[in-house]
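Chains as they are written, first to last, in UniProt numbering: chain A, 1 to 424; chain B, 1 to 424; chain C, 1 to 424; chain D, 1 to 424. Single-structure report; data block below.
Number of protein chains: 4
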Amino acid sequence: MRLEKYRIDQHNSELDDKHQKRISFFLEENTSAKNIIQKLVDFQIAIPSWALGTGGTRFGRFSGGGEPRNLEDKLMDIGLLHQLNGSSGAVSLHIPWDIPSDAEKIKNLAGSLNLKFDAMNSNTFQDQAAQEFSYKFGSLQHVDENVRRQAIEHNIEVIKHGEALGSKSLTVWLADGSCFPGQLNFREAFQRTLDSLREIYAALPTDWKIFVEYKAYEPNFYSTTVGDWGQSLLYATKLGEKAFTLVDLGHHLPNANIEQIVSLLLMEGKLGGFHFNDSKYGDDDLTAGSLKPYQLFLIFNELVEGMDARGMNHATDLGWMIDASHNVKDPLEDLLQSVEAIMMAYAQSLLVDRTALKAAQQVHDVALCQEILQHAHRTDVRPLVAEARLRAGAALDPIALFRTLDVRKKLIDERGLKTVATGL
Amino acid sequence: MRLEKYRIDQHNSELDDKHQKRISFFLEENTSAKNIIQKLVDFQIAIPSWALGTGGTRFGRFSGGGEPRNLEDKLMDIGLLHQLNGSSGAVSLHIPWDIPSDAEKIKNLAGSLNLKFDAMNSNTFQDQAAQEFSYKFGSLQHVDENVRRQAIEHNIEVIKHGEALGSKSLTVWLADGSCFPGQLNFREAFQRTLDSLREIYAALPTDWKIFVEYKAYEPNFYSTTVGDWGQSLLYATKLGEKAFTLVDLGHHLPNANIEQIVSLLLMEGKLGGFHFNDSKYGDDDLTAGSLKPYQLFLIFNELVEGMDARGMNHATDLGWMIDASHNVKDPLEDLLQSVEAIMMAYAQSLLVDRTALKAAQQVHDVALCQEILQHAHRTDVRPLVAEARLRAGAALDPIALFRTLDVRKKLIDERGLKTVATGL
Amino acid sequence: MRLEKYRIDQHNSELDDKHQKRISFFLEENTSAKNIIQKLVDFQIAIPSWALGTGGTRFGRFSGGGEPRNLEDKLMDIGLLHQLNGSSGAVSLHIPWDIPSDAEKIKNLAGSLNLKFDAMNSNTFQDQAAQEFSYKFGSLQHVDENVRRQAIEHNIEVIKHGEALGSKSLTVWLADGSCFPGQLNFREAFQRTLDSLREIYAALPTDWKIFVEYKAYEPNFYSTTVGDWGQSLLYATKLGEKAFTLVDLGHHLPNANIEQIVSLLLMEGKLGGFHFNDSKYGDDDLTAGSLKPYQLFLIFNELVEGMDARGMNHATDLGWMIDASHNVKDPLEDLLQSVEAIMMAYAQSLLVDRTALKAAQQVHDVALCQEILQHAHRTDVRPLVAEARLRAGAALDPIALFRTLDVRKKLIDERGLKTVATGL
Amino acid sequence: MRLEKYRIDQHNSELDDKHQKRISFFLEENTSAKNIIQKLVDFQIAIPSWALGTGGTRFGRFSGGGEPRNLEDKLMDIGLLHQLNGSSGAVSLHIPWDIPSDAEKIKNLAGSLNLKFDAMNSNTFQDQAAQEFSYKFGSLQHVDENVRRQAIEHNIEVIKHGEALGSKSLTVWLADGSCFPGQLNFREAFQRTLDSLREIYAALPTDWKIFVEYKAYEPNFYSTTVGDWGQSLLYATKLGEKAFTLVDLGHHLPNANIEQIVSLLLMEGKLGGFHFNDSKYGDDDLTAGSLKPYQLFLIFNELVEGMDARGMNHATDLGWMIDASHNVKDPLEDLLQSVEAIMMAYAQSLLVDRTALKAAQQVHDVALCQEILQHAHRTDVRPLVAEARLRAGAALDPIALFRTLDVRKKLIDERGLKTVATGL
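Set out below in structure tokens:
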């Protein structure tokens, strides 16, 4: 479904008085904030096609209802999100879950919804029905050249799908690794993976990027073949200038200082993109900002500082994506919450007084450094983010409007209760 | 399939020379070891019915072949293991995956295979097809009395199945918990769970035990309603003398000192049973002893010390079970490896010179305390464990025999390549 | 030094316009907040006497200057803090670092500064010069009765010092444990510790409480004798109704769900007190709220909910203390930052709409549950906390005033640059 | 003290019968082991000069007695260790704790004890009495050029001390980092550190190496400036071919797969050296092999495999050092235990059937891969390690001889009870 524009206008006009009061007060208190609203308007976070349905747990899926039945439905859902928050104007597809049978048609549909195609995702961690060789023992790292060849060709095929849609990047995430000591020769697995990646790299169009995602562990694993940012950076460096590291917030060992990793990857010119989510224990793919919002802010603080230091464009020079799984919430509401939390962290990081911070760092005024960051994070930036939405033509309170309009019920009416989206 | 006895005899006679040499040397070096062989013979580790097929990962199952098609097949597989190693004379069933349609027949089959029925396992973490209410938001903790009622009745039904088979205990493991802060009132969830457990407890036959299993976290979780040994002990204490804590090696936060937990639970008379497996990062359900064999030994060291201090019978007073998942190995070979590692840890802990250890502890001779434990662990007890197998009529080298007889191939011939065992 | 009242008044009048505008706006937006200001005024957080000097690292102390030279100086520092923020009206002493040679005089000094004596802390983790027996191998757990006796008597002496000062509780924190497997018999160490605690408990005045603090690990440790909340609760339950568990935020394994622990301890009526600090990796004793402010809020959310459910008085029924170490910041500024962060978390938790939360929990509206908590945390409560300070006669902006008045310089002038406070 | 040779001979002849029986049986069972004895003889592990005294805890030092009073005493202690186990023929010095006032004399003393000088260690994490600038806020990363200059010159001075003694490498370990978010600009701290290291690198003699040690965290830290192997590798790569990464087993986040890190660093030709110790929770510097002996074996398994693949000499091409702290054991006994555990892990890794392992890996026979590694680890290699000692002229049972000869008592008689070694 698509929202009629008057629905949003009506919603906004109802809330307008209250909003105007808040944003006036906010801008009075934070005079520099005026200049950052446009940055918030410009910032877009790609929605992954696999996050629109209820996620699966170890034990099963407890489906919601009205889930998208196909790629068109997924685009419609993301279009809806984008109408509501003005910040979800991109989609990240996953092949083979989202093979566009008619690329032109899909591209037109996306265009009509104001959606761009962000990074394409390949899948060599599941065996597909028609597949000749199994990925049980790895894909790009596999000892058998035939398996590697199959996985390489799959990735090249994903690039082609992406080209047809106007995407400009490929994310490679591997479940390659081992379950037990001795199963794998780490060094040879790395070398084989590198060789495979080189073939994929060679197939990249000139203006494309490849993102090498790392992950510390998977359930039942003993090692992963792209296990941390150090390994990913090794691959990216050896591959060449179109290769970058992709950081997923849930892919680290306990207590890792992700903000420092982000800063150093930017320093090396090798940060390519980001997968947002949150977690308490492992790679839980929970709503961004739901557990550690201050960490999310600290990461954005490094992103803004590091990108500015390199003269990068916040909105376009990195791939911003959500990678989440929704088991107990309406996926669309959950995504609205994730985007809101991300926008808030971004807005807060833009509020950081960098001149004062730099000065305090120079004289080791640690208490003041802390005050400066905490001030930005403690500032309630919701009016600012709402103002950005307003200017973008989106809703002042996206979840409230989603609920008022009974969107989920309408989706169920349209698609049925028992639909199950392809994906995790 | 069942092994003809001559197969084992032939295998053993081929290895006998070498074995006799080893065991003689071993007993000469470890004169006290003679007295512990019978303990090794008596020690039995229950095989969970769900571990006989290839386990599922987050992304799919990469099945092996010849997996058991039903409960009878599962018992046959465990019977085979028990023939091979003489230490797997018990089975732990999971309802509804293993509902015995004809209990008497199943009991007889088990009897003919020398198998007992260890703890029964209930399942309220999956929705079954015929089920009226969903466990999406919990079972025994659920805010809706109807859901709790359904979960309670399921557990009582599991007890009845167990009674029919001769089991004497019920393991309750709950995926109850929450995914996000605020979702749950921890205190009320605890109280509701306790109330539900009380109803199940009331249905326990006089000579039964109930094991309350704890787990720190599940994927996508923020809290679990039986999260650690402290919580489990609270439940067990409030329930009464038939209630005990069950320890699963993979259900702890990083770095937890499990051996100390075991010691204190024994002190309180509240340790009920054990789920063996191993892991590097989380609840990975890998082969017991495959990652941290010294920890496994330290745990057994506490088990033996604590049970002896209470005059408990090693073989019968606790429930010993494997809880594992097999993704890249033949499940039967994997289980043979797990049992071997457990038997070795048990044997080593029996070798600990407790008098010397106690004396060294009294004078703070920490270096000597360490030497005493390390000596036991460094001792290669494989000849001893093999000798126990020999005396039990099992095979000197179970995996070698399994491979020589081409058991998996025979199972595939018998059952087919594409069978998928019920369970995880 | 003591601040002349006019200094604070002058500071407040300078900031008053801005503050009035903020608090008016705040109360208009949060109409229910009016009723909670008094709770903020009443809430007092005890300052530990050992936190007033620069903390030591593994490698040495990098001292600041003007550190308190004795107990009187420490009280003066805390009095100063309390003048500044109106929320630090209690002190937690550590014996033998703070033995009051003249209790009456110390009591009077504290009284004149509006300070109460919160929990007394004993020390059996260091050997004192005059001490007969060493705690190298433990204190209350020690195998040698003489050592235990010495440690028991020390604790009783601490109680007596506390009585003379008007304290009403004793915190026992033990570094007892072991460094290597085998060094200790866990069970017997627990029993000896319990016996020792029983003797201390017997010496408690009628209206006193004893807090048993737990800690997962210390550097170089393999086990601690009060290792987690489960163990602490066992001790507290066995000791009796005057014994409670004390939670220190830094004393847990990675990823522990502390808010759930707090909730369950309150449920059991066994939560006694709290040590606030923050950390990224271990027991880092960093400024409260400096790393995980949302976790701090979630903990307060449980504290408020659980205390209200039992009809407890927020201000008086639990012991609220800071336990921190300051290596790179002015200790007084750092403590001001800690108290501010704690007050904010408390204020936010008072803002949680509990009726709406309960209703959302009943219908599994998880997205809404999250919104309710996040709304409270995202609200910028600094005007509210400042208003509470204003009403208490303290400063609107304590750190700003501390800096404007050049307090540290004055302390250095008064006490010297090279003073080193007793304590860590 | 120095042992008279006859003491060792006498000890060995008393144990000889038993040993001969064991080693014969061992070599019969492990026929390939004959060829590896010489490798064990050649393998030397450097003893750090700071590990010879009782280590300090957070709270104080509980000294033993007879600790070395100066560098000569330290060398004598290491000489003694080397006499006992034949595997401690190197020393790793720490400046300024071990400044050799007369280098020639020290060199001669070491020579007479058969000791070489392994890596020199600099210290910029403590302020020394005579030092102009403080390292409170870092050394090589410091924003103040004067501090950096001082730290650089200190390192160059350490190189000079090392040259005079015949050392060939410098280990740089930095406590540089930050305690709070905002305190540091990660990128600039990295760049300043790199610039500083470049100056030190420029002062390296042609045949020297520099080891850049990483560490995930220190108590009270929020970030470290050389935080993980990825960062260390970045420094080492940017510095040049004489720069390498040094791995300390205790310097990782929980659950890190250290063996994989080792393998990849070897692949890159950038592994320089190793600090052995063990731990359960953090950087506990406990006796090597006392907690996770299987992990130690897995690491050696990668070391042997990776060094062989590059044609490296096990004994000389990497720096092997212990880095430990001894709080509750006699430091010399503790070091003997560490060396024994390391030698065992090395011996076991030499026993791995690499041809069979490679073959099993090629066909994904994961169970067999595990069996091959476990077989090597389960083999009791103590006779083999003892045989290597015997051939090297050292003692069959070093700790037993140490105790029989009452060495500690003699050291106390010679040096006094209250001596405290310089160092941690």
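Even for Gly, the Cβ is constructed at its ideal location relative to N, Cα and C. Keep in mind it's a predicted model, so treat the numbers as computed, not measured.
A residue is called buried once 16 or more other Cβ atoms fall within 10 Å of its Cβ, and Asn-257 of chain D is buried on that count.
The Cβ atoms of Phe-297 of chain A and Gln-348 of chain A lie closer than 8 Å to each other. Along the length of the segment 169-229 of chain B, whole beta strand (DSSP E) runs at least 3 residues long occupy 169-172, 209-213, reported in chain order. By the criterion of a C-beta distance shorter than 8 Å, Ser-134 of chain C is surrounded in its chain by Asp-127, Val-147, once the five residues flanking it on both sides are discounted. As computed with DSSP, Gly-273 of chain A is found in a beta bridge with A:Leu-246, A:Gly-319.
In chain order, Ala-367 make up the part of chain C whose C-beta sits under 8 Å from the C-beta of Glu-333 of chain A. For Gly-289 of chain C, the closest alpha carbon among the candidates C:His-377, C:Asp-42, C:Asn-220, C:His-19 is that of C:His-377.
Taking a C-beta distance under 8 Å as the contact criterion, Gly-272 of chain B and Lys-209 of chain B qualify as a contact pair.
Within chain A, no C-beta atom comes nearer than 9 Å to that of Asp-73 of chain B; the closest sits roughly 23 Å away. Counting along the chain, the unbroken alpha helix (DSSP H) around Val-262 of chain B starts and ends at 258-267. Sorting D:Asp-17, D:Gln-260, D:Val-339 by C-alpha distance to the C-alpha of Gly-230 of chain D places D:Gln-260 at the top. Nearest to His-314 of chain A by C-alpha distance, out of A:Arg-389, A:Lys-18, A:Gln-10, A:Leu-40, is A:Leu-40.
Contact with chain B is found for Phe-25 of chain D, since one of that chain's Cβ atoms lies less than 8 Å from the residue's Cβ. A distance below 8 Å between beta-carbons, with the five flanking residues on each side excluded, links Gln-131 of chain C to the following residues of its chain, in chain order: Gln-150. Within chain B, the C-beta atoms nearer than 8 Å to that of Asn-255 of chain D come from Pro-254, Lys-280, Tyr-281, in chain order. At least one C-beta of chain B is nearer than 8 Å to the C-beta of Gly-227 of chain C. As the crow flies, the alpha-carbon of Asp-283 of chain B is around 26 Å from that of Gln-191 of chain B.
Proximity of Pro-205 of chain C to chain A, defined by a Cβ-Cβ separation below 8 Å, is not satisfied. Beta-bridge analysis with DSSP links Ile-47 of chain D to D:Val-91.
Lys-418 of chain A sits in coil when the DSSP states are folded into three classes, being neither helix nor strand. Bridge pairing for Lys-116 of chain A: A:Ala-90 [DSSP]. A residue is called buried once 16 or more other Cβ atoms fall within 10 Å of its Cβ, and Asn-35 of chain A, having fewer, is exposed. Contact with chain A is found for Met-267 of chain D, since one of that chain's Cβ atoms lies less than 8 Å from the residue's Cβ. If you compare the alpha carbons of D:Glu-213, D:Thr-124, D:Val-91, D:Phe-25 with that of Ile-78 of chain D, the shortest gap goes to D:Val-91. Secondary structure of Asp-77 of chain D (DSSP, three-state): helix. In this structure, DSSP gives Asn-155 of chain D a helical state, which the three-state scheme calls helix. At a cut-off of 8 Å between beta carbons, Thr-379 of chain B contacts chain D. Of all alpha-carbon atoms in B:Pro-254, B:Leu-335, B:Ala-341, the one lying nearest the alpha-carbon of Tyr-294 of chain B is that of B:Ala-341. The three-state secondary structure of His-252 of chain C, taken from DSSP, is coil. For Leu-286 of chain C, the three-state secondary structure derived from DSSP is strand.
Of the candidates A:Leu-184, A:Gly-306, A:Glu-145, A:Ala-324, the residue whose Cα lies closest to the Cα of Ser-49 of chain A is A:Ala-324. Leu-265 of chain C is positioned such that its CB atom lies closer than 8 Å to that of Thr-245 of chain C. No residue range can be given for Arg-61 of chain B, since it is assigned to no alpha helix (DSSP H) and is classified by DSSP as neither H nor E. Counting the other Cβ atoms within 10 Å of the Cβ of Gly-269 of chain B gives fewer than 16, which makes it exposed.
Listed along chain A is no residue with a C-beta nearer than 7 Å to that of Gln-10 of chain D; the closest approach is about 42 Å. Buried is the label assigned to Lys-292 of chain C, since at least 16 other Cβ atoms lie within 10 Å of its Cβ.
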